[in-house]
Amino acid sequence: MVDILVIGAGLAGLSAGKKLADKGYQVLVVDKGKSVGGRLASRSLESASFDYGAQFMTAKDPRFLDQVNIWVSNGTAELWFRGYPGRSENYKRWRGVPNMKELARSLAGALNINTARHVLRITLQQGLWRVDFKDGSVICANNILLTPPVPQSLEIIDRGNTKLSQDQRFRLQQLTYDPCIAMLALLEGPSKIISPGILIPNSDDIDWISDNMKKGVSQIPSVTIHASSDFSKTHFNEDSDEVGRKIIKLSKSMLGVAVKHFAIHRWRYSKPKYVDAERFMLIQNNPTLIIAGDAFAGPRVEGAFLSGCSAAEALIAHFEQY
Ligand SMILES: Cc1cc2nc3c(=O)[nH]c(=O)nc-3n(C[C@H](O)[C@H](O)[C@H](O)COP(=O)(O)OP(=O)(O)OC[C@H]3O[C@@H](n4cnc5c(N)ncnc54)[C@H](O)[C@@H]3O)c2cc1C
Numbered sequence: 069m070v071d072i073l074v075i076g077a078g079l080a081g082l083s084a085g086k087k088l089a090d091k092g093y094q095v096l097v098v099d100k101g102k103s104v105g106g107r108l109a110s111r112s113l114e115s116a117s118f119d120y121g122a123q124f125m126t127a128k129d130p131r132f133l134d135q136v137n138i139w140v141s142n143g144t145a146e147l148w149f150r151g152y153p154g155r156s157e158n159y160k161r162w163r164g165v166p167n168m169k170e171l172a173r174s175l176a177g178a179l180n181i182n183t184a185r186h187v188l189r190i191t192l193q194q195g196l197w198r199v200d201f202k203d204g205s206v207i208c209a210n211n212i213l214l215t216p217p218v219p220q221s222l223e224i225i226d227r228g229n230t231k232l233s234q235d236q237r238f239r240l241q242q243l244t245y246d247p248c249i250a251m252l253a254l255l256e257g258p259s260k261i262i263s264p265g266i267l268i269p270n271s272d273d274i275d276w277i278s279d280n281m282k283k284g285v286s287q288i289p290s291v292t293i294h295a296s297s298d299f300s301k302t303h304f305n306e307d308s309d310e311v312g313r314k315i316i317k318l319s320k321s322m323l324g325v326a327v328k329h330f331a332i333h334r335w336r337y338s339k340p341k342y343v344d345a346e347r348f349m350l351i352q353n354n355p356t357l358i359i360a361g362d363a364f365a366g367p368r369v370e371g372a373f374l375s376g377c378s379a380a381e382a383l384i385a386h387f388e389q390y
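Last residue of the sequence shown: number 390 in the working numbering, and the count goes up by one each step with no gaps.
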């Protein structure tokens with residue numbers, strides 16, 4: 069029996085979990101992935117390292133800026149660049165050190181987290197939440213905070229026949245996401261992308277290229293290429309070799325060097341196309357069910373953090389009232 073179950077160990081789930089645990093509540097965080105971070109994703113391929121989800125964070129809200137300052141002061145984040153050449157805005161962009169996933173790891177700290185635990189459904193049963201996992205295991209929880217991308221949260225809710233009001237269902241169904249095909253490419257030598265290692269090409273097919281070596285993530289030349297949402301929609305289910313060959317052809321002149329080896333990652337839910345007007349959605353109280361994540365407070369790392377924190381504060385306020 070768990071008092072508060074947080075489903076999803078991305079930034080929304082971890083920031084909520086940490087806030088609740090710091091207040092002394094009993095929290096369990098579960099995630100279907102092998103490690104924490106969700107879309108704050110980093111990995112190695114041969115001896116190169118890659119950030120292949122979020123590339124940087126911005127901080128416009130003072131609460132998130134406070135968190136960024138904590139990360140900077142303990143060496144978990146550093147300023148990567150500000151503004152883009154040719155654009156008038158001048159926002160600071162921070163990166164995780166050594167990579168973006170480290171931001172999630174630092175919040176995970178001493179939290180009670182179970183990874184490789186895929187939630188299938190949540191069902192209201194005798195005043196509690198029954199949680200069924202894909203591996204056949206079951207746990208019960210008094211309160212649940214759901215933080216997967218909204219379409220996945222809806223599936224979990226619907227499989228357990230949990231009732232939503234018409235308004236809740238309508239709002240949740242609006243929160244659709246763009247896909248993104250990410251290529252992790254190991255290069256034959258340094259790319260021609262200049263420091264600080266970003267390229268926003270004038271292309272309908274490629275949105276973004278990060279040079280992981282110039283960024284400071286990789287010891288050897290490697291780039292992360294994010295295809296545009298149109299390209300990703302068209303080629304989402306294509307064979308990896310085939311889609312990889314197309315992306316290499318499209319980015320060849322931008323890299324100025326040959327690709328030695330690559331891997332493809334498909335983000336079905338990359339960034340929300342729409343953002344709800346509230347920072348989280350309270351589905352019901354006693355037992356409580358809340359949905360949070362970047363679709364509620366902005367399609368960014370910052371939004372995920374703010375949504376998680378706001379959901380945790382709402383739960384704490386509710387507990388303190390009873
Ligand atoms: C390619 C890409 C580039 C991006 N670039 C940027 C950027 O440069 N700057 C920026 O600010 N933002 C960027 N973003 C967006 C940013 O990554 C997200 O807004 C943020 O990380 C979302 O955090 P979250 O906690 O809401 O969701 P997630 O990180 O998606 O966390 C949800 C978690 O729920 C888990 N989960 C899902 N279903 C289940 C289940 N059934 N059972 C158990 N666990 C489950 C998932 O495994 C995941 O770990 C980018 C995203 C992508 C994909």
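Virtual Cβ for every residue (Gly too), placed ideally from N, Cα, C. Note that the coordinates shown come from a computational prediction; the quantities given were computed from them, not determined experimentally.
Length of the line joining the Cα atoms of residue i and residue j
{"i": "residue 233", "j": "residue 97", "result": "27 Å"}
{"i": "residue 74", "j": "residue 145", "result": "25 Å"}
{"i": "residue 255", "j": "residue 149", "result": "23 Å"}
{"i": "residue 312", "j": "residue 295", "result": "11 Å"}
{"i": "residue 206", "j": "residue 287", "result": "43 Å"}
{"i": "residue 196", "j": "residue 69", "result": "10 Å"}
{"i": "residue 314", "j": "residue 306", "result": "11 Å"}
{"i": "residue 278", "j": "residue 72", "result": "38 Å"}
{"i": "residue 126", "j": "residue 186", "result": "30 Å"}
{"i": "residue 165", "j": "residue 171", "result": "8 Å"}
{"i": "residue 350", "j": "residue 211", "result": "11 Å"}
{"i": "residue 369", "j": "residue 257", "result": "31 Å"}
{"i": "residue 176", "j": "residue 169", "result": "11 Å"}
{"i": "residue 297", "j": "residue 273", "result": "8 Å"}
{"i": "residue 238", "j": "residue 299", "result": "28 Å"}
{"i": "residue 380", "j": "residue 235", "result": "23 Å"}
{"i": "residue 91", "j": "residue 322", "result": "50 Å"}
{"i": "residue 361", "j": "residue 219", "result": "12 Å"}
{"i": "residue 316", "j": "residue 158", "result": "31 Å"}
{"i": "residue 89", "j": "residue 173", "result": "16 Å"}
{"i": "residue 99", "j": "residue 181", "result": "8 Å"}
{"i": "residue 333", "j": "residue 388", "result": "43 Å"}
{"i": "residue 373", "j": "residue 193", "result": "31 Å"}
{"i": "residue 355", "j": "residue 95", "result": "15 Å"}
{"i": "residue 162", "j": "residue 228", "result": "40 Å"}
Beta-carbon gap between residue i and residue j smaller than 8 Å
{"i": "residue 325", "j": "residue 259", "result": "yes"}
{"i": "residue 203", "j": "residue 189", "result": "no"}
{"i": "residue 341", "j": "residue 244", "result": "yes"}
{"i": "residue 86", "j": "residue 222", "result": "no"}
{"i": "residue 108", "j": "residue 79", "result": "yes"}
{"i": "residue 327", "j": "residue 250", "result": "no"}
{"i": "residue 167", "j": "residue 285", "result": "yes"}
{"i": "residue 81", "j": "residue 215", "result": "yes"}
{"i": "residue 293", "j": "residue 271", "result": "no"}
Three-way DSSP call (helix, strand, coil) for residue i in this model
{"i": "residue 160", "result": "strand"}
{"i": "residue 130", "result": "helix"}
{"i": "residue 123", "result": "coil"}
{"i": "residue 368", "result": "coil"}
{"i": "residue 69", "result": "coil"}
{"i": "residue 169", "result": "helix"}
{"i": "residue 344", "result": "coil"}
{"i": "residue 186", "result": "coil"}
{"i": "residue 99", "result": "coil"}
{"i": "residue 336", "result": "strand"}
{"i": "residue 145", "result": "strand"}
{"i": "residue 305", "result": "coil"}
{"i": "residue 75", "result": "strand"}
{"i": "residue 247", "result": "strand"}
{"i": "residue 117", "result": "strand"}
{"i": "residue 82", "result": "helix"}
{"i": "residue 229", "result": "coil"}
{"i": "residue 268", "result": "coil"}
{"i": "residue 385", "result": "helix"}
{"i": "residue 350", "result": "strand"}
{"i": "residue 285", "result": "coil"}
{"i": "residue 328", "result": "strand"}
{"i": "residue 291", "result": "strand"}
{"i": "residue 378", "result": "helix"}
Nearest-angstrom Cβ-Cβ length linking residue i and residue j, presumed shorter than 8 Å
{"i": "residue 365", "j": "residue 347", "result": "5 Å"}
{"i": "residue 84", "j": "residue 371", "result": "With a Cβ gap of about 13 Å, residue 84 and residue 371 do not count as contacting."}
{"i": "residue 29", "j": "residue 77", "result": "Any answer about residue 29 is impossible in this case: the structure gives the chain only from 69 up to 390."}
{"i": "residue 121", "j": "residue 335", "result": "7 Å"}
{"i": "residue 117", "j": "residue 246", "result": "The Cβ separation is near 26 Å, so there is no contact."}
{"i": "residue 382", "j": "residue 358", "result": "7 Å"}
{"i": "residue 269", "j": "residue 282", "result": "Their Cβ separation, rounded to whole angstroms, is 16 Å, which puts residue 269 and residue 282 out of contact at 8 Å."}
{"i": "residue 147", "j": "residue 329", "result": "Not really, about 31 Å apart at Cβ, beyond 8 Å."}
Any non-hydrogen atom of ligand 2 within 7 Å of residue i CB
{"i": "residue 303", "result": "Summarising the ligand content, the structure contains ligand 1 and does not contain ligand 2."}
Min CB distance residue i to chain D below 8 Å
{"i": "residue 223", "result": "Absent from the structure: chain D. Only one protein chain is present."}
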